[in-house]
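Everything below concerns the one structure shown next.
Number of protein chains: 2
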Amino acid sequence: MTHHRYSEAEISAVYRAIYERRDMRHFLTDPVDPELLNRLLQAAHHAPSVGFMQPWRFIRISSLTLRHELHTLVEQERILTAQALNEREQEFMRLKVEGILEAPVLLVAALCDQREQHVFGRRTLPEMDLASLACAIQNIWLAARAEGLGLGWVSMFDPEAVKYRLNMPQDSHPVAILCLGHVEAFYTKPMLEEQNWAERQNLGDLLFENTWNTPCR
Amino acid sequence: MTHHRYSEAEISAVYRAIYERRDMRHFLTDPVDPELLNRLLQAAHHAPSVGFMQPWRFIRISSLTLRHELHTLVEQERILTAQALNEREQEFMRLKVEGILEAPVLLVAALCDQREQHVFGRRTLPEMDLASLACAIQNIWLAARAEGLGLGWVSMFDPEAVKYRLNMPQDSHPVAILCLGHVEAFYTKPMLEEQNWAERQNLGDLLFENTWNTPCR
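Here it is as structure tokens:
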């Protein structure tokens with residue numbers, strides 16, 4: 003029952019990427035090799051997708067004007083988010099939540115238009131398209147970590163405003179501004195854990211058996 | 003700029019898992035080592051999550067009665083999906099879409115309750131909780147592939163019916179029935195590609211520059 007198992011070194015490499023991957027907000031401005039970027043996008047394209055619909059689209063932002071406009075949109079939402087956080091407003095405002103202006107590669111990840119024709123696996127759970135796109139982004143994240151690059155997923159923006167600026171169809175949906183680049187250092191723990199925003203929960207508290215809130219034996 | 007880069011062998015292992023991972027629906031009944039299962043769940047728990055909210059919950063289905071009830075729910079939705087597919091109904095009904103009764107490990111993956119308190123990164127995109135859970139499942143998928151195990155994500159069910167059977171809170175949300183186990187063979191291509199349900203798109207058609215539908219230079 004072990005003939006499909008990778009070598010111990012290969013298994014360790016996969017877990018290493020999983021454990022060392024971080025959501026990065028600090029980047030060096032050194033350029034990213036175009037072939038490396040292509041490898042990452044190919045990795046994304048080999049993610050699982052519901053009914054093999056491949057709903058992912060990636061918009062590379064090479065225009066400096068657009069980059070600044072996206073940064074402005076995120077900054078607007080950052081302030082609205084802070085206000086919505088009430089008593090944690092000041093604490094939140096001290097966090098660095100994105101590296102849009104520094105990252106050498108900026109991508110907007112979006113769900114494609116005309117998704118309603120895809121019924122396979124989505125009749126009762128239409129949001130499975132987003133799950134597929136998230137798996138694609140996780141592929142980029144892990145491959146990037148192995149290649150030595152950091153990635154940050156920014157989801158603080160008004161999706162309608164982003165759609166307008168990138169001429170996206172009404173029924174498409176942007177879900178991530180991805181900041182990609184070399185980094186000085188990877189955070190040793192998730193930045194929000196390092197900064198005491200939140201703690202890692204105990205895995206045992208998140209696992210149930212047969213019925214909600216019943217711990218596994 | 004390369005000091006964070008893994009060795010070539012490690013990088014290859016990460017890409018190998020990404021390219022060889024498959025959505026499996028055929029399983030052997032051999033048991034899964036509990037320590038291996040724990041490693042996979044720890045990998046899931048080290049996925050990125052929006053605002054470090056860790057919204058993932060996993061319900062291990064050890065009850066044979068519950069397993070059969072979940073299978074019945076999926077079978078009901080499979081027929082409704084087939085009807086919704088109109089002219090592809092018969093083609094769809096010939097596909098094997100799940101391995102719920104065979105897989106030695108069955109997990110329901112769900113979003114936790116009381117998610118509305120998590121505003122960080124979700125004020126305008128509340129669905130980022132699902133994106134986090136999908137990244138966690140992709141971690142399981144890749145780690146399982148390296149460990150030689152197959153995983154299938156079944157999203158054909160009425161989430162309300164699953165919630166009722168597992169005593170889940172009204173504001174929680176099941177998004178996957180995960181079938182996990184050893185396999186005779188991994189599909190060489192996605193099963194839906196092998197069975198001519200859909201073709202892999204050209205990556206270049208999914209990449210734009212600055213504006214929708216404008217190919218990258």
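First to last, the protein sequences are chains Z and S.
Here our numbering runs 2 ahead of the position in the first sequence, where the first position is 1.
Here our numbering runs 2 ahead of the position in the second sequence, where the first position is 1.
The beta-carbon is built from N, C-alpha and C at its ideal position, and this holds for glycine as well.
Residue i (DSSP reduced to helix, strand or coil)
i              : result
T83 (chain Z)  : helix
L183 (chain S) : Note on identity: in this sequence residue 183 (chain S) is Gly, with Leu being the wrong assignment. Strand.
H28 (chain S)  : coil
I102 (chain Z) : coil
H6 (chain Z)   : coil
L42 (chain Z)  : helix
A136 (chain S) : helix
V34 (chain S)  : coil
F259 (chain S) : Outside the displayed span of chain S (3 to 219) sits residue 259 (chain S), for which this structure offers no information.
A15 (chain S)  : helix
A49 (chain Z)  : coil
F122 (chain Z) : coil
V72 (chain S)  : A quick correction: the sequence has Leu, not Val, at residue 72 (chain S). Of the three classes helix, strand and coil, the one that applies to L72 (chain S) here is helix, per DSSP.
N215 (chain Z) : strand
L127 (chain S) : coil
L66 (chain Z)  : helix
L97 (chain Z)  : coil
Neighbouring residues, chain S, relative to residue i (Cβ below 7 Å)
i              : result
A148 (chain Z) : Y8, E12, I13 and V16
Q203 (chain Z) : Q56
N169 (chain Z) : T213 and W214
8 Å Cβ cut-off: residues of chain S touching residue i
i              : result
R62 (chain Z)  : L209, F210, E211, N212 and C218
C137 (chain Z) : A136, C137, I139, Q140 and W143
L66 (chain Z)  : Here the premise fails: no neighbours, minimum Cβ distance about 10 Å.
Contact with chain S by residue i, beta-carbon distance below 9 Å
i              : result
R117 (chain Z) : no
R96 (chain Z)  : no
A45 (chain Z)  : yes
G123 (chain Z) : yes
T74 (chain Z)  : no
H70 (chain Z)  : no
H28 (chain Z)  : no
L2 (chain Z)   : Here chain Z comprises residues numbered 3 to 219, so residue 2 (chain Z) is not present and cannot be evaluated.
Residue i burial status per 10 Å Cβ neighbour count (16 or more: buried)
i              : result
D131 (chain S) : buried
T67 (chain S)  : exposed
H175 (chain Z) : buried
N212 (chain S) : buried
R59 (chain Z)  : buried
K98 (chain Z)  : exposed
P217 (chain S) : exposed
A11 (chain S)  : exposed
H48 (chain Z)  : buried
Q56 (chain Z)  : buried
N141 (chain S) : buried
Y1 (chain Z)   : What the structure shows of chain Z is the stretch from 3 to 219, and residue 1 (chain Z) is not part of that stretch, so it cannot be assessed.
R149 (chain Z) : For clarity, residue 149 (chain Z) is Glu in the given sequence; the question names Arg instead. Buried.
K165 (chain S) : buried
E100 (chain Z) : buried
Minimum Cβ-Cβ distance from residue i to chain Z less than 9 Å
i              : result
Y189 (chain S) : no
L180 (chain S) : no
I20 (chain S)  : yes
D25 (chain S)  : yes
E89 (chain S)  : no
L82 (chain S)  : yes
E129 (chain S) : yes
Within chain Z, the residues that residue i reaches when beta carbons sit closer than 8 Å
i              : result
E195 (chain S) : F54
L132 (chain S) : E129, L132, A133 and A136
Chain Z contact residues for residue i, given Cβ-Cβ distances below 7 Å
i              : result
T126 (chain S) : E79, F159, D160 and P161
Neighbour list for residue i in chain Z, Cβ cutoff strictly below 9 Å
i              : result
V107 (chain S) : In chain order: nothing, as chain Z lies at least about 12 Å away.
Neighbour flag for residue i against chain B, beta carbons, 9 Å
i             : result
Q56 (chain S) : The structure shown contains no chain B; its protein chains are Z and S.
Practice task
Kindly provide the ranges of any beta strand (DSSP E) runs that are 3 or more residues long and lie completely inside the region 153-208 of chain Z, ordered along the chain.
Solution key: 175-184
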